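So for the sequence shown, the UniProt record's numbering puts the first residue at 1; every next one is plus one.
A virtual CB, placed ideally from N, CA and C, is assigned to each residue, including glycine.
From a predicted model like this one, the values you see are computed outputs, not experimental measurements.
Working notes, structure below.
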Amino acid sequence: MENFQSPSSYINGLGKVLSSSLSYVQNEIVGRGLKAAVVSTSKQGSGRVVVFDAENNPGLMKKVVAISLASAAAFGSAFYVGYQLAKRRHRFHVREADKNDQIEHILGKFKLSKECLHKVMELLLDEMYKGLDPATHDKADVKMFPTYVRSLPDGTEKGDILALDLGGTNFRVLLINLDSGDIKVKSKVFLIPQSIMTGTGIQLFDHIAKCLAGFMNAEKLIQNNREYPLGFTFSFPCHQKGLASAILANWTKGFDCSGVVGNDVVAMLQEAIERRGDIKVKVLALVNDTVGTLMASAYNDQNTRIGLILGTGSNACYVENLDHVKTWDGDRNDPKQVIINMEWGAFGDNGCLNFLRTDYDIEVDKTSLNPTRQIYEKMMSGMYMGEIVRLIILDLWEKELLFVGHRDHSWSTDYRQALYTKGSFYTKYVSEIETDSGVTYRHTKSVLEQMGLDRPTYDDCVIVQYVCKLVSRRAAQLAAAGLAVLLNHINAPNVTIAVDGSLYRFHPKFKKNMEKAMQMLVHPHIRYQIVLSTDGSGIGAALSAVTAPDYKDYKTNFSF
Ligand code: BGC
1 MENFQSPSSY INGLGKVLSS SLSYVQNEIV GRGLKAAVVS TSKQGSGRVV
51 VFDAENNPGL MKKVVAISLA SAAAFGSAFY VGYQLAKRRH RFHVREADKN
101 DQIEHILGKF KLSKECLHKV MELLLDEMYK GLDPATHDKA DVKMFPTYVR
151 SLPDGTEKGD ILALDLGGTN FRVLLINLDS GDIKVKSKVF LIPQSIMTGT
201 GIQLFDHIAK CLAGFMNAEK LIQNNREYPL GFTFSFPCHQ KGLASAILAN
251 WTKGFDCSGV VGNDVVAMLQ EAIERRGDIK VKVLALVNDT VGTLMASAYN
301 DQNTRIGLIL GTGSNACYVE NLDHVKTWDG DRNDPKQVII NMEWGAFGDN
351 GCLNFLRTDY DIEVDKTSLN PTRQIYEKMM SGMYMGEIVR LIILDLWEKE
401 LLFVGHRDHS WSTDYRQALY TKGSFYTKYV SEIETDSGVT YRHTKSVLEQ
451 MGLDRPTYDD CVIVQYVCKL VSRRAAQLAA AGLAVLLNHI NAPNVTIAVD
501 GSLYRFHPKF KKNMEKAMQM LVHPHIRYQI VLSTDGSGIG AALSAVTAPD
551 YKDYKTNFSF
């Protein structure tokens, strides 16, 4: 077990390192220097320790300078070593050892071994094959939907196009100009109110069409009765029937609009646009956000083969050889490949990941809008991470292992309300808390204060940060296992993985933790790089739309 250490003992430790370095410097270095000075002055015949005359003793002057530098270096190193020790140890602190053991025991399941990650990889590969085979597809959790995107952009694409990006609580309208590798984007973010996220499908698509019309109006695109082409990024599981036809399989991420599952969302959007009558827009292509991310990155990097989203939800897509896609019903001409939207968030829905789920994961699932679904996603995406942390903190608090000093104070009652409120610990708090290094815990304190905990103690900060680290590291390792399966399966010598999503973008250590785990899981002969594909989902929809056969009918030309 990792050792917990009290702040006073590490400060003592630091003091010891510093004082032993100091005495070493005094005895060994300064002492010798002084002896040299005495010897030198006595050589001049006085026998007394006299003020050293540098001009007459240039050699000795050099020695003194050297000694001073050595002393400074010794002090510096001692301080650095002490600081590093303090940094390493301060994470683990509660005064009583048995409480430390209890905390470690409670959190133990969040530490995934290499064997465990290998098992996750085996299971995922198994599920992938089930999704790609018509005999098992219907029952498979990981749906492996073939998209109708077969060629990747090569950087020569040109065109002006509108795009919509719907996938989380925010929704964006974009105006995109593609010019042989250059991309210009104008965009506006709109909020989707909770009432619309769980209202009717008609209300949802009417809201989207209204925002689109508002944007087009502001950009002066409602002129000359002209029709504009549009690419639609719709980040939910869809069974695609073509580039511009997609049947919603189920909702995820807090959406639950009635009357959409089983229907074509492109047609529903088109109808909403037409119902308005004030804008003329044709939806030419629908893509998942993972596919958009892959496409946007491929525009500049031909090695891109994988698209990954780590945001409110999580999912991946990759370029698959058509020979492996038994569910493919289109032609098998060149290019003999198609992008597969894995919908990996549903991995584990059949219970195969139960061996690593904790009570907190089970609770998060139970109280979600879609219980028993999206099990893998719920263990690693931004929508659920903060809630997992809240449940752990609450459990530690109930077991009297956290906020110990705040239990009986009337001034500290507020925080309990937050602690018991679902969703009160935002995932952005996890990122903020993990930016703290050193011993001041500025962000951690501020987060705990925002939750109503007055003057959090050092112990509180250490433990809360430890919880965040374990939960986010597990998420990064699970994502790494998924990526390793894909890299090993694609088995190309050099692959670029395009990533987007708020969790990945804003968490200070996600990428590092993911790469660390991938190093032990990916075959050593495969080289890969993980690149951020900012704005990828919107741009990718535009890229798919400009390659649609109907696009050539549009001669749009936006001014930027
Ligand atoms: C959806 C995917 C999407 C992912 C990331 C998941 O909940 O099912 O379609 O790609 O979130 O946005």
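> What are the complete beta strand (DSSP E) segments, minimum 3 residues, inside the stretch 277-344?
Replying inline: 281-287, 304-310, 314-321 and 337-341
> Is it buried or exposed for Gly382, if we count other Cβ within 10 angstroms and need 16 for buried?
Replying inline: buried
> In its own chain, which residues sit with a C-beta less than 7 angstroms from the C-beta of Val283, not counting the 5 before and 5 after it?
Replying inline: Leu230, Phe232, Ala244, Val266, Leu269 and Gln270
> For Leu369, which of Gly262, Met520, Asp414 and Gly423 has the nearest alpha-carbon?
Replying inline: Gly423
>> If you reduce the DSSP assignment to three classes, tell me which class Tyr551 lands in.
In response: helix
> With respect to the beta strand (DSSP E) encompassing Leu166, which residues constitute its N-terminal and C-terminal limits?
Replying inline: Lys158 to Leu166
> To which residues does DSSP link Ala498 through a beta bridge?
Replying inline: Gly307 and Val531
> From Gly405, Glu398 and Met379, pick the residue whose C-alpha is nearest to that of Gly482; which is it?
Replying inline: Met379
>> Let me check understanding here. Comparing Cα to Cα, which of Tyr429, Lys210 and Gly168 lies closest to Ile388?
In response: Tyr429
> Anyone know if the C-beta pair for Asp436 and Ile309 falls short of 8 angstroms?
Replying inline: no
> Considering only residues of the same chain and omitting the five flanking positions on each side of Leu178, which have a CB-CB separation below 6 angstroms?
Replying inline: Closer than 6 angstroms at the Cβ level, and outside the excluded window around Leu178, lie Glu157, Lys158 and Gly159.
>> Shorter than 7 angstroms, the distance from the beta carbon of Asn170 to the closest heavy atom of the ligand BGC, or not?
In response: For the ligand BGC, no non-hydrogen atom lies closer than 7 angstroms to the CB of Asn170.
> Counting Cβ pairs closer than 8 angstroms, one from the stretch 166-176 and one from the stretch 184-192, do we hit at least three?
Replying inline: yes
> CA-CA distance, Ile490 and Tyr528?
Replying inline: 11 angstroms
> Is Ile247 helix, strand or coil when you go by DSSP?
Replying inline: In the structure shown, Ile247 falls within a strand segment according to DSSP collapsed to helix, strand and coil.
> What are the boundary residues of the beta strand (DSSP E) that includes Tyr228?
Replying inline: Tyr228 to Phe234
> Excluding sequence positions up to five away, which residues of its chain have a Cβ less than 7 angstroms from the Cβ of Glu432?
Replying inline: His443 and Val447
>> What would DSSP say about Gly155, mapped onto helix, strand or coil?
In response: Coil at Gly155, not helix or strand.
>> In this structure, how does DSSP classify His443 when only helix, strand and coil are distinguished?
In response: helix
> Rounded to whole angstroms, how far is the Cβ of Tyr360 from the Cβ of Lys280, which I believe are closer than 8 angstroms?
Replying inline: In this structure Tyr360 does not touch Lys280 by the C-beta definition: roughly 50 angstroms separates them, more than the 8 angstroms allowed.
>> Given 7 angstroms as the limit, tell me if Asn288 has its C-beta closer than that to any heavy atom belonging to the ligand BGC.
In response: True, at least one ligand heavy atom lies under 7 angstroms from that Cβ.
> DSSP on Lys99, reduced to helix/strand/coil?
Replying inline: helix
>> Three Cβ pairs or more, each shorter than 8 angstroms: is that satisfied between the stretch 335-353 and the stretch 312-326?
In response: yes
>> Let me check understanding here. Comparing Cα to Cα, which of Ile497, Gln477, Ser533 and Arg505 lies closest to Met514?
In response: Gln477
> Any contact of the stretch 392-404 with the stretch 100-108, i.e. 3+ C-beta pairs under 8 angstroms?
Replying inline: Remark: three or more beta-carbon pairs, one from each stretch, lie closer than 8 angstroms, so the stretch 392-404 and the stretch 100-108 are flagged as touching.
>> For a minimum of 3 consecutive residues, which ranges assigned as the beta strand (DSSP E) are wholly contained in the stretch 176-237?
In response: 182-191 and 228-234
> Among Leu391, Phe510 and Leu322, which residue has its Cα nearest to the Cα of Ile106?
Replying inline: Leu391
>> Give me, in chain order, the residues of the same chain whose beta-carbon lies closer than 7 angstroms to that of Gly536; leave out the 5 immediate sequence neighbours on both sides.
In response: Gly292, Thr293, Ala296, Ser297, Ala498 and Asp500
> Does any CB atom of chain D fall closer than 8 angstroms to the CB of Glu434?
Replying inline: No chain D is part of this structure, which consists of one protein chain only.
>> To test your reading of the DSSP string, which unbroken alpha helix (DSSP H) runs of 4 or more residues are found completely within the stretch 356-390?
In response: 359-366 and 375-380
>> Here's the rule: buried if 16 or more other CB atoms are within 10 angstroms of the residue's CB, otherwise exposed. What is Ala492?
In response: exposed
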